[in-house]
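Just below is one structure, and these are the notes that go with it.
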Amino acid sequence: MRLEFKYIVALISVFGMFMNLLDLTIVNVAVPVLASELDASAREVQWVVTAYLLAVAVAIPVSGWAGDRFGTKLIFVLALAFFTGGSALCAFAWNIESLIVFRALQGLGGGFLMPVSQTMVFRAFPQQERSKAAGILVVPTTFAPASGPLVGGLILDYLSWPWIFLVNIPVGVIGIVLAVAFLREQREDNPGRIDIPGFMLASGGLAVFLYGLAEAGERGFGDAVVLGFGGAGLALLAIFVLVELRTEEPLIDVRLFLNRMFALANLTQSVAFMGFASTLFLLPLILQLERGMSPFESGLATFPQAIGVMVMAPVMARIYPIVGPRRLVAIGLAVASATTVPLILMDLGTNVWQIQGTMFMRGVGFSMMLVPLQTAAFAGISMADTGRATAAFNATRQVAQSFGVAIIATVLTSRLAHHGAMLGPLDDVAASVSAFSDGFIVTGAFIAGGILVALLIRDREAASTLRARIPAAEPGKD
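Our numbering puts the first residue of the sequence shown at 15, with every later residue one more than the last.
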């Protein structure tokens, strides 16, 4: 039986997305090893992560226009090539400075991969099958980051740190070959010219803002550097919005956010991803630094979240066209909020099976939220606008995740000081556990906030993606 073209597109796209997202969490696990092997300070090594994030921020805004102008197939292949080549350079970095530069090159490829991959998949599936597309896309979005600590732990235990980058090379080469052989080129007839002012403002604003957030984890939000860069980034992004509203051919059409469903989906995912990303920041810390687990053991404890997502994603793809987004998103976030309670109550004697069960259910809730949300977000977006819409969708997610981690890092630092504790096994264990519990309360608040936003969603505004014939909303009516 011949595989339909839409599934070929989905499989190849997932291939590239998985490699990109897997590499990010692998590198996070390797930070202590890189500091030791490259004779660098913790702050210098942190730039290995930050440089990647900043490069992604530069690439995302222009990804939608580039795919429309030059073709999604070409941009996808070039993004994979950049990412794979950057991985090879990273593996042979001779000092921390060269590694930081090569990670930035890798990040440029990664910044194009996510939006262009999503664009290809959503354009390959008809509107009424968008839930299937979202169910496929949710797998790399969650499974890859959760796999990073497992793969990274194994590599660092049995091989050497360059292999966290070398593993990307055969995967990237296979992805490029498959893309060249099987994908069809797709361009928009009128992509417009590159919006240089928009590109400078969007990429510069995102990069400056994300740099401020990266510094907030260590310095705190009241620090002059954090306030300066964060404020400057927000100012540039505000000017970007004003400029784009007056531009005939905008880089990212901010008018897309006048689409109520698209705006609510972005807001819901932003709040939810702040909670999920901050949890995945806190949990490995308490497991590794307080319980003494290895990165691999910690990864085994958190990995069931990915299994929960994979189990529930195909179910959501089938249920969504019948039930609609509003209830599924709200229930999914409620389930995820409930799983925060065991994390708040967790101590160093908590059974690992209990943690794994909690993370599995968290993955179930995450899938119930993400599949409907990704489907509904693009229900009112035309095929011509899909490229730029996915760029905007990915940009808000990237900022939300960075914002959530920055906030929770600051909260953890503050609560450790409040309880008179510090990270590490020689610390006052009870005080450290109390600080982490306070942090998990904040992550739960993020996710619970998403429920309130989700309740504003109207199923009829996603009628084009539903099998049940919910009439489309009339202008000015609920």
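Using N, Cα and C, we set each Cβ at its ideal position, and we do this for glycine too.
Keep in mind that this is a model prediction, so the values were computed, not measured.
**Item:** Sequence-distant residues of the same chain with beta carbon closer than 7 Å to Val91, five excluded per side
**Value:** Here the set comprises Ile190, Ala193 and Val194.
**Message:** Can you find the residues in the same chain that come closer than 6 Å, C-beta to C-beta, to Pro339, ignoring five residues on each side of it along the sequence?
**Reply:** Cβ neighbours of Pro339 beyond the five flanking positions: Pro386, Ala390, Ile471 and Ala476.
**Asked** Is Ile358 helix, strand or coil by DSSP?
**Response** DSSP places Ile358 within a helical segment (H, G or I) once states are collapsed to three.
**Prompt:** CA-CA distance, Leu297 and Ala158?
**Reply:** The straight-line gap from Cα to Cα measures roughly 17 Å.
**Request:** Enumerate in chain order the residues of its own chain whose CB-to-CB distance from Ser428 is below 8 Å, with the five nearest sequence positions on each side excluded.
**Result:** In the same chain as Ser428, and ignoring 5 residues on each side of it, the C-beta atoms closer than 8 Å to its own belong to Gly234, in chain order.
**Asked** Where does Gly306 land, buried or exposed, given buried means 16+ other C-beta within 10 angstroms?
**Response** Residue environment for Gly306: exposed (fewer than 16 other C-beta atoms within 10 angstroms of its C-beta).
**Anticipated Cβ contact below 8 Å, Phe276 with Ala138, distance rounded** = So it is not a contact: roughly 20 Å between Cβ atoms.
**Glu525, enclosing alpha helix (DSSP H) - first and last residue** = In the structure displayed, the chain extends from 15 to 492; residue 525 sits before or after that span and is not available.
**Request:** Go to Glu51, then tell me how far its alpha helix (DSSP H) extends in each direction, as first and last residue.
**Result:** Taken as a continuous stretch (DSSP letters only), the alpha helix (DSSP H) holding Glu51 covers Phe19 to Glu51.
**Prompt:** Which class does Met436 belong to by DSSP, given the choice of helix, strand or coil?
**Reply:** It is coil, neither helix nor strand.
**Prompt:** Among Ala279, Ala398, Trp177 and Thr293, which has the Cα closest to the Cα of Ala423?
**Reply:** Looking at the Cα atoms, Thr293 is the closest of the given residues.
**Asked** Within the chosen definition, does the segment 322–330 reach the segment 167–179 through at least 3 CB pairs nearer than 8 Å?
**Response** They do not touch, by the three-pair rule.
**Message:** Using 8 Å as the cut-off, can you tell me whether the segment 217–225 makes contact with the segment 247–260, which would need three or more C-beta pairs spanning the two stretches below that distance?
**Reply:** In this structure the segment 217–225 lies against the segment 247–260, because at least three pairs of beta carbons, one per stretch, are closer than 8 Å.
**Among Gly394, Gly363 and Thr316, the one whose alpha carbon lies nearest that of Ala164** = Here residue 164 turns out to be Leu, not Ala, going by the sequence shown. The residue with the shortest Cα to Cα distance from Leu164 is Thr316.
**Request:** Look at the alpha carbon of Ala105 and the alpha carbon of Leu359, and state the distance between them as a whole number of angstroms.
**Result:** For Ala105 and Leu359, the gap between their C-alpha atoms comes out near 41 Å.
**C-alpha distance - Ser351 paired with Leu384, whole-angstrom precision** = If I take the Cα positions, the gap works out to 14 Å.
**Request:** Please check the pair Ala468 and Pro129, which I expect to be a contact at CB under 8 Å, by giving their CB distance rounded to whole angstroms.
**Result:** Not quite, the Cβ-Cβ distance comes to about 24 Å (not below 8 Å), so this is no contact.
**Message:** Given a cut-off of 8 Å on the beta-carbon distance, is the pair Ala263 and Ala398 in contact?
**Reply:** Looking at the sequence shown, residue 263 is not Ala but Glu. For Glu263 and Ala398, no; Cβs fall outside 8 Å.
**Message:** I'd like the list of long-range same chain contacts for Glu51, defined as Cβ closer than 7 Å, with 5 residues on each side in sequence excluded.
**Reply:** Short of 7 Å from the beta carbon of Glu51, and not among the five residues preceding or following it, lie these beta carbons of its own chain, in chain order: Trp175.
**Message:** Between which two residues does the alpha helix (DSSP H) holding Val366 run?
**Reply:** Start and end: Val366 to Ala391.
**Simplified DSSP assignment, three categories, for Ser308** = The answer is coil: DSSP assigns Ser308 none of H, G, I, E or B.
**Asked** Going by the CB atoms, is the gap between Gly244 and Leu256 shorter than 8 Å?
**Response** Not closer than 8 Å, so no.
**Item:** DSSP three-state assignment for Ala65, whether helix, strand or coil
**Value:** It is helical.
**Message:** Any contact between the segment 115–123 and the segment 55–72? By contact I mean 3 or more CB pairs, one from each, below 8 Å.
**Reply:** Judged by Cβ distances under 8 Å, the segment 115–123 makes contact with the segment 55–72, as three or more pairs qualify.
**Asked** Which same chain residues, not among the five before or five after Ile395, have their C-beta less than 6 Å away from its C-beta?
**Response** In chain order, Ala403 place their CB closer than 6 Å to the CB of Ile395, counting only its own chain and leaving out the 5 sequence neighbours on each side.
**Request:** Could you check how far apart the C-beta atoms of Leu215 and Ile266 are, in whole angstroms? I think they sit under 8 Å.
**Result:** Actually they are not in contact, since the Cβ atoms of Leu215 and Ile266 sit about 10 Å apart, beyond 8 Å.
**Asked** When the Cα of Ala49 is compared with those of Ala449, Val115 and Glu111, which residue comes out closest?
**Response** Comparing alpha carbon positions, the residue from Ala449, Val115 and Glu111 closest to Ala49 is Glu111.
**CA-to-CA distance, Ile208 to Phe374, given in whole angstroms** = Between the alpha carbons of Phe374 and Ile208 lies a gap of roughly 44 Å.
**Asked** Roughly how many whole angstroms lie between the Cα atoms of Ile484 and Pro184?
**Response** Only weak support exists for where Ile484 lies, its pLDDT of 49 falling under 50; the value from the coordinates is given anyway. Spanning the two alpha carbons is a distance of roughly 47 Å.
**Request:** Specify the secondary structure class of Val181 as computed by DSSP and reduced to three states.
**Result:** Correct three-state label for Val181: coil.
**Start and end residues, alpha helix (DSSP H) containing Leu272** = Looking at the DSSP string, Leu272 is not in any alpha helix (DSSP H), and its letter there is neither H nor E.
**Prompt:** Taking the alpha carbon of Asp452 as the point to measure from, which residue in Val355, Ser131, Gly242 and Asn365 has its own alpha carbon closest?
**Reply:** Checked all of Val355, Ser131, Gly242 and Asn365; the closest Cα to Asp452 is Val355.
**Request:** Would you mind giving the Cβ-Cβ distance between Val59 and Gly167, rounded to the nearest angstrom? I have them listed as a contact below 8 Å.
**Result:** In this structure Val59 is not in contact with Gly167, their Cβ atoms being roughly 18 Å apart against a cut-off of 8 Å.
**Residue range of the unbroken alpha helix (DSSP H) whose run includes Arg474** = Where Arg474 is concerned, there is no enclosing alpha helix (DSSP H), given that its DSSP letter is neither H nor E.
**Message:** Residues in the same chain with beta-carbon distance under 7 Å from Ala344, minus the five sequence neighbours each way, listed in chain order, please.
**Reply:** The residues are Ile465, Ala468 and Leu469.
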